[in-house]
Structures are given as C-alpha cells and as structure tokens.
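Asks: The following block contains the structure, expressed as structure tokens.
There are 2 protein chains.
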Amino acid sequence: MPDPDRDPAPETVPETVADLSETDLLARFVPRLPRGRATELGPGDDAAVVEVPTGRVVVTADVLVEDRHFRRAWSTGEDVGRRAAAQNLADVAAMGARPTALVVTLVMPADLEVAWVVGLADGLAAASAPHDVGVVGGDLSSGERIAVSVTAFGELDGVAPVTRSGARPGDVVAVAGTLGRSAAGLAVLLDGTLDASEHDVVGTYLRPDPPLTAGPEAARAGATAMLDVSDGLVRDAGRIAVASGCGLELSTSLLAPDVEALTVTAEELGLDPVDWVLTGGEDHGLLATFPADRPLPPSFRRIGAVVAGAGVRVDGVTPTAEGWDHFRA
Amino acid sequence: MPDPDRDPAPETVPETVADLSETDLLARFVPRLPRGRATELGPGDDAAVVEVPTGRVVVTADVLVEDRHFRRAWSTGEDVGRRAAAQNLADVAAMGARPTALVVTLVMPADLEVAWVVGLADGLAAASAPHDVGVVGGDLSSGERIAVSVTAFGELDGVAPVTRSGARPGDVVAVAGTLGRSAAGLAVLLDGTLDASEHDVVGTYLRPDPPLTAGPEAARAGATAMLDVSDGLVRDAGRIAVASGCGLELSTSLLAPDVEALTVTAEELGLDPVDWVLTGGEDHGLLATFPADRPLPPSFRRIGAVVAGAGVRVDGVTPTAEGWDHFRA
Numbered sequence: 001m002p003d004p005d006r007d008p009a010p011e012t013v014p015e016t017v018a019d020l021s022e023t024d025l026l027a028r029f030v031p032r033l034p035r036g037r038a039t040e041l042g043p044g045d046d047a048a049v050v051e052v053p054t055g056r057v058v059v060t061a062d063v064l065v066e067d068r069h070f071r072r073a074w075s076t077g078e079d080v081g082r083r084a085a086a087q088n089l090a091d092v093a094a095m096g097a098r099p100t101a102l103v104v105t106l107v108m109p110a111d112l113e114v115a116w117v118v119g120l121a122d123g124l125a126a127a128s129a130p131h132d133v134g135v136v137g138g139d140l141s142s143g144e145r146i147a148v149s150v151t152a153f154g155e156l157d158g159v160a161p162v163t164r165s166g167a168r169p170g171d172v173v174a175v176a177g178t179l180g181r182s183a184a185g186l187a188v189l190l191d192g193t194l195d196a197s198e199h200d201v202v203g204t205y206l207r208p209d210p211p212l213t214a215g216p217e218a219a220r221a222g223a224t225a226m227l228d229v230s231d232g233l234v235r236d237a238g239r240i241a242v243a244s245g246c247g248l249e250l251s252t253s254l255l256a257p258d259v260e261a262l263t264v265t266a267e268e269l270g271l272d273p274v275d276w277v278l279t280g281g282e283d284h285g286l287l288a289t290f291p292a293d294r295p296l297p298p299s300f301r302r303i304g305a306v307v308a309g310a311g312v313r314v315d316g317v318t319p320t321a322e323g324w325d326h327f328r329a
Numbered sequence: 001m002p003d004p005d006r007d008p009a010p011e012t013v014p015e016t017v018a019d020l021s022e023t024d025l026l027a028r029f030v031p032r033l034p035r036g037r038a039t040e041l042g043p044g045d046d047a048a049v050v051e052v053p054t055g056r057v058v059v060t061a062d063v064l065v066e067d068r069h070f071r072r073a074w075s076t077g078e079d080v081g082r083r084a085a086a087q088n089l090a091d092v093a094a095m096g097a098r099p100t101a102l103v104v105t106l107v108m109p110a111d112l113e114v115a116w117v118v119g120l121a122d123g124l125a126a127a128s129a130p131h132d133v134g135v136v137g138g139d140l141s142s143g144e145r146i147a148v149s150v151t152a153f154g155e156l157d158g159v160a161p162v163t164r165s166g167a168r169p170g171d172v173v174a175v176a177g178t179l180g181r182s183a184a185g186l187a188v189l190l191d192g193t194l195d196a197s198e199h200d201v202v203g204t205y206l207r208p209d210p211p212l213t214a215g216p217e218a219a220r221a222g223a224t225a226m227l228d229v230s231d232g233l234v235r236d237a238g239r240i241a242v243a244s245g246c247g248l249e250l251s252t253s254l255l256a257p258d259v260e261a262l263t264v265t266a267e268e269l270g271l272d273p274v275d276w277v278l279t280g281g282e283d284h285g286l287l288a289t290f291p292a293d294r295p296l297p298p299s300f301r302r303i304g305a306v307v308a309g310a311g312v313r314v315d316g317v318t319p320t321a322e323g324w325d326h327f328r329a
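Structure (structure tokens):
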C-alpha cells in the first residue's frame, strides 16, 4: 500500500501519451467522436466509407501547428479540436456545401498529457456533432510538436459549387458571421494585461463558430463567389477580386456594427478596431457576392459592391494592411 | 554586377522556404501535381470537388513525421512524397477501392530547401499519376519538423467495401505484393556498412510500390477480409483475426519465396530473413482472405488458412515478435 508521505499520489502525475500504447490511446479517443449520418463505415479499418448521394464530394484540408497556430498556454485540447474542425467545416461551407465528415491526423509529443488528447477528441466532437458531421478516421503519430491536420468533406445536395471566380461588376458584396472578433481576442491574449474573461472576443479566437449553414443558403440564393475569411477581410476580398477579374469596393459605414462591437476592447488596448475588422482573420465568416437584383439570404449583410477594375478598395482607398503570411519574416 | 571573388555565387546558397511567400511556394508546388480524371475542381479554392459516381467515397489518412517515419539523410523529398502517397493509396486499395484523389498538408521548417518541397510534389505525382489519382488540395504551414499528412479517396465502383471482419474458418489466407523487403531495406540503411545501391530492398523501403490494382481485383473475387500490411504480417494478420473472430494459420513453407528473396541481404547482415517477412511492415502489400472454393485472383498467392479459434500461428506456433508500436519505449 503506498505511503502518502513518501510516494506521490498517482493522481498528481498526469498520464501522458507515452504511458499508453497506440491501441490504448485510440480506445480513449475514438469512442468520443460523433458518427454522423453520412458515415457508412467509421474508424477502425484501413479506411472509412462516407455516403455521397449526389455524386460529388467537396474536400478541404488544413493543419494547425503548436506555437504557430495555437499555444498550449492559451488553448486547451478541446479548444484546438473545435478550431481545427471549425475552420475546415467553414471551408466546406464556403463552397456552398453541407459538411458531412472529417478525418484527423494528430502528431504529438510523447510527454503530452492524455487529457489533452481526450480534450481534442471532445473539441472535434463539439464542433462536428451539432452539424451531424462524423469524425470517420485518421492517424496518430509521435513528434516533437503538436500538429493537427483535418480533412473535411461536404455534400452539395445538387447545387453547383460556389468558387471564388464568379463575381461580376454590379454584384453585392456581403458577409455572414463576425469580422475581427478573433483578431481582437488574440490581441487581448497577446497584451496580457486585461482580464480575458471580461472580453468574450477571446472565446471567438479560441473557439471560432463559423456560420456553416450560411454556405448552402448562399449557394441556393445564387451567390456568384464565396470564401471564408481566414486571413482577413481585405486580403480574402482580394482573392475574390483576382479570381473573378474585377474589383471589390468595401464601405466602413456598412462595417460600422462590426467595428462598434469591438470598441470597448480596442479602447482598453489603445488599438483601432477598424484594423481588426479589415485585416483580422480566423472568425471564418463567409464573404460572398450576390446578384444585386435578388434579396440577400437572411444570414448575410451587405458590406460593399463588385466593380469593374481590380483589387480591393475601402471607402475608395486601396488599403495598405494586407493580412499576414506564414513564411515571411 | 556581383564580384565572384567577394560574393558567393547565388547557386551555392540553396533557396529555402523562408525565401518565398506562401503564394510563391504554392506556385512552385501546385503545377507539378496531377489532376486525375475524378477531379471536378482542383487546388486554388476553399475546397476541391471530386466526382463520386457510385454514391460513396472511401477515405483514409496517414501522417509521416521527420525522424519518426523518415530521415532526411536517407530520403529525398521525392521519396517522402512517393511513400506518403503510396501508403495511403494502399489503404484505399485494401478496402477494395480504386484510388481517385488525395489531399496533402505539409508542415515544414523555414530553413527547408525549396528543392525538397518541389521534390515532394514530384513524389506525390509519381505515385499518383500512373493510377489516374489527382492531388486536389491541401495546406502548407511552417513548423519545426517536417510532417506530411495525406488523406486519400477511393471509388468502390459498385462493389461492397472489404473490411477486416469477414474472414471465416476455411477461407484461404493470401497476399499480393512483397513481404519484408522494406524492413530489409531499412536494416541495410541502419547497418550503414553495406553499399545500399547493391541492395534493391532499400528502394522498397524508400519508395514502396503497393499492388494497388490487386485491391479491387480481390473485392471482385469475393475477398472476405483485407488490409494492407503496414505493421508486419503477423501483427496485421492478428487484426483480421480479432476483427473476424477467428484464427489465422500461416505457413513458412508458403512464404519461402519471400524469405529466399531476402537471404543474400540477410546473410551479409547476419540477420534472419524470416523475421523481416513475418514482422516487417511498410511494403504495403495486401493481405486478404478468400473463400476456398473459388480461384485466387492472379495477384494473390496463398500463404495460409483461416481456422476456428483466435490469434495468429506460424507453422502451428504463436509467434512472439509482434511488430512495433509508436509510443511504447
């Protein structure tokens, strides 16, 4: 029998990945994952089988890397799971599709706590299950830093995919979901002097909740181009402009509600909330263009117009801040 | 004009990932990738669109991590690309499906040479294009070590997926492709004293070439269970035994051709080639069970029988070597 004065109680030594075999770790992980109604065969075999009733599947992949995309000091395993799922499901929605399933590969250090990995499964489930998305398979490996790679699948239900290239002069530019909240939340965390619990934008940074149903809604409403805002409104609008061969004019007066929602946080940090709204990514809202002669679908609000020409202008001026890039110093 | 006595020639400083923007790196990478006839929409948008004519898609994912699954000293970027693609395509084939497409996420250090990344694209293409498999999308990120995560898709063409659980006593156990060659090749590299160019098993380790067409062939021939041998024959046979609730009896006399093909290399290293054949993974051959009353498809050769009971026996004895595990010390 252990002597509590001499032996540490077992509870005080967190169980790590190195304490478990791959089989044992999978036995903790897999049962926490949702199945999803499109799943014909889930985890446990060489591959999964997902139903694709209309004959084509939407496919996208993203990877989150520790200390590049998240810090363990700020994000729990569940936060990372939610975020990894949400940003991929947003990419599916941005094609006009309904997400159906995802697969995950996880690289993790041997000293990672099992609780973190279990939290990751719970986060994947929390972001997927409400949308009837199954987590159908994946792979685990050891490695020095955590890397979570998610591939997500979607069903177009008979509509054509909405690419970035269909915007035409005269179209309305509109957005669904929030802008700048994730960037504001990151700024609060980076600053370190504010009480994060008093700024709910931090939650948007840690656990983005993209407007997934707005994607198919936009497709059915005739959206001519669409993407999810992952690198900032101006930069992502520029992608539609380039792909479509036209210009996008954005108006800060139409973005005023987004800016106003961030003014308290911005004032406490001495920063300009307009920067967050124009250049902050990772809320994963949907930016789309629609023919002007049709009503916007209910999830979308107008923020500008497509014009002849090229590039993005805000209140008639070409912005200088252009989002960020992974590899540039 | 540069002074060659004072300035190093530009050619002598390899271009690294840090020298390029993400956009520029993608512009080098993406054009090298095959499209594949199932690709309706390839890289460049939020997501790809892949045709799935028969209403269900086979999906699998695996990750290769530097210094866990490969060493840059041994494997070129092209080798890693070939291997990452091949092992995922083998998982698709092991369901009885024809691979159609894959997506890739790549984590890489900023000081990685661009030539390595371009080689990776060429390796993915070399493994995919001959099978009309498209590389349809993915994601790049910086990170300390290289991690290549591939998700592959396949088309069942109307046959039912072949899982691990359908083996029945009386079935024939058969294999397509090689056994033990990859393990022998790794042993040559680990030993370091032999001339690797004189042992073509090294090529199987670096660039496995699984018998992909044997998967659909097995499904059409009525295979009752199937998987690809990634962790060793005995261990993977054990997976079929567990999933199917029966035993697998393997015979070394039936494996003699596989063993004989490795004897020269084994003798030079003073090792037993039987170990490689029984426990070596990563040739990614296909292990399947078939009803005894039907002819085996031409790619398969008989190596044993399914029996009542449990577990795997070799020549009537339960083997002790059981393959390897990622996390156990």
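Heads up: the sequence lines are chains A and B, in that order. Each residue of the first sequence is one higher than the one before, counting from 1 in the UniProt record's numbering. Each residue of the second sequence is one higher than the one before, counting from 1 in the UniProt record's numbering. Backbone N, C-alpha and C define an ideal beta-carbon position, used for all residues, glycine too. Bear in mind that the values here come from a model prediction, so they are computed numbers and not experimental data.
1. Using the rule of at least 16 other Cβ atoms within 10 Å of the residue's Cβ for burial, across every protein chain shown, is V49 (chain B) buried or exposed?
2. Measure the Cβ-Cβ separation of S182 (chain A) and P210 (chain A) and say whether it is below 7 Å.
3. Going by beta carbon distance, what residues of the same chain come within less than 6 Å of A221 (chain A), once the five residues before and after it are set aside?
4. Taking DSSP's pairing of strands, which residues face M108 (chain A) in a bridge?
5. The beta strand (DSSP E) spanning A225 (chain B) covers which residue range?
6. Which partner residues of S149 (chain A) appear in the DSSP bridge assignment?
7. Would you kindly check if the distance between the Cβ of V312 (chain A) and the Cβ of G238 (chain A) is under 7 Å?
8. How would you list, in chain order, the residues of chain B whose beta-carbon sits under 8 Å from the beta-carbon of L41 (chain A)?
9. Would you mind sorting V173 (chain A) into buried or exposed? The rule is 16 or more other CB atoms within 10 Å of its CB.
10. In chain A, what lies closer than 7 Å to residue 334 (chain B) by C-beta?
11. Could you tell me whether the Cβ of G323 (chain A) comes closer than 7 Å to any Cβ of chain B?
12. Just the C-alpha distance for L194 (chain A) and G180 (chain A), rounded to the nearest angstrom, thanks.
13. From the DSSP output, read off the bridge partner residues of E290 (chain A).
14. Pick out whichever of B:D236, B:L89, B:V30 has its Cα sitting closest to the Cα of G42 (chain B).
15. Any C-beta of chain B sitting closer than 7 Å to the C-beta of S141 (chain A)?
16. Between residue 332 (chain B) and chain A, is the shortest Cβ-Cβ distance under 7 Å, so that the two count as touching?
17. Specify the secondary structure class of V133 (chain A) as computed by DSSP and reduced to three states.
18. Does the segment 110-126 of chain B come close enough to the segment 156-170 of chain B to have 3 or more Cβ pairs within less than 8 Å?
19. Going by the CB atoms, is the gap between S244 (chain B) and A225 (chain B) shorter than 7 Å?
20. Less than 7 Å between the C-beta atoms of D236 (chain B) and L278 (chain B), yes or no?
21. Which residues in chain A have a C-beta closer than 9 Å to the C-beta of V65 (chain B)? List them in chain order.
22. Determine the contact status of R164 (chain B) and E66 (chain B), defining contact as a CB-CB distance below 7 Å.
23. Determine the chain A residues that contact D91 (chain B) at a beta-carbon separation under 7 Å, and present them in chain order.
24. Taking all protein chains shown into account, decide if L25 (chain B) is buried (16 or more other Cβ within 10 angstroms of its Cβ) or exposed.
25. For W324 (chain B) and L233 (chain B), I'd like the C-alpha separation in whole angstroms.
26. Apply the 10 Å Cβ neighbour rule to V317 (chain B) and answer buried if 16 or more other Cβ atoms are within range, or exposed otherwise.
27. Taking beta-carbon pairs under 7 Å, can you tell me which members of the UniProt domain "PurM-like C-terminal" (168-260) of chain B lie near chain A?
28. Does E51 (chain B) have its Cβ less than 7 Å from a Cβ in chain A?
29. Taking the alpha-carbon positions, what's the R302 (chain A) to V175 (chain A) distance?
30. Which complete alpha helix (DSSP H) runs does the segment 30-106 of chain A hold, if anything under 4 residues is left out?
31. Would you say the segment 76-89 of chain B touches the segment 118-131 of chain B, given that touching needs at least three Cβ pairs under 8 Å?
32. Given T54 (chain A), which residues of its chain have a CB within under 8 Å of its CB, disregarding the five upstream and five downstream residues?
Replies: Inspection of the coordinates gives the following:
1. buried
2. In terms of Cβ geometry, S182 (chain A) and P210 (chain A) do not form a close pair [threshold 7 Å].
3. Correct list, in chain order: P297.
4. A:S142
5. Per DSSP, A225 (chain B) belongs to the beta strand (DSSP E) from 225-228.
6. A:V63, A:T105
7. yes
8. P161, T163
9. buried
10. As displayed, chain B neither begins before 1 nor continues past 329, which places residue 334 (chain B) out of reach and without an answer.
11. Interpretation of G323 (chain A) is limited by its pLDDT of 41, a score under 50 that renders its predicted location unreliable; no figure is taken from the coordinates.
12. 18 Å
13. Here residue 290 (chain A) is Phe; the residue named in the question, Glu, does not match the sequence. In DSSP, F290 (chain A) forms a bridge with A:V172.
14. B:V30
15. yes
16. The structure shown does not extend to residue 332 (chain B), since chain B spans only 1 to 329, so no value can be given for it.
17. coil
18. no
19. yes
20. no
21. V107, S141, S142, G143, E144, A147
22. No, the pair does not count as a contact, with Cβ atoms beyond the cut-off.
23. Among the residues of chain A, those whose CB is under 7 Å from the CB of D91 (chain B) are D46, A47, following chain order.
24. With 16 or more other Cβ atoms within 10 Å, it is buried.
25. Residue confidence for W324 (chain B) is low, a pLDDT of 36 falling below 50, so the modelled location carries little weight; the figure read from the coordinates is stated next. Their backbone Cα atoms lie some 12 Å apart in a straight line.
26. exposed
27. L227, D228
28. yes
29. Each residue's alpha carbon lies about 7 Å from the other.
30. Taken in chain order, the complete alpha helix (DSSP H) segments of 4 residues or longer contained in the segment 30-106 of chain A are 77-93.
31. With the cut-off at 8 Å, the segment 76-89 of chain B and the segment 118-131 of chain B touch.
32. The beta carbon of T54 (chain A) is closer than 8 Å to those of E155, L156, D157, G158 in its chain, skipping five residues each way along the sequence.
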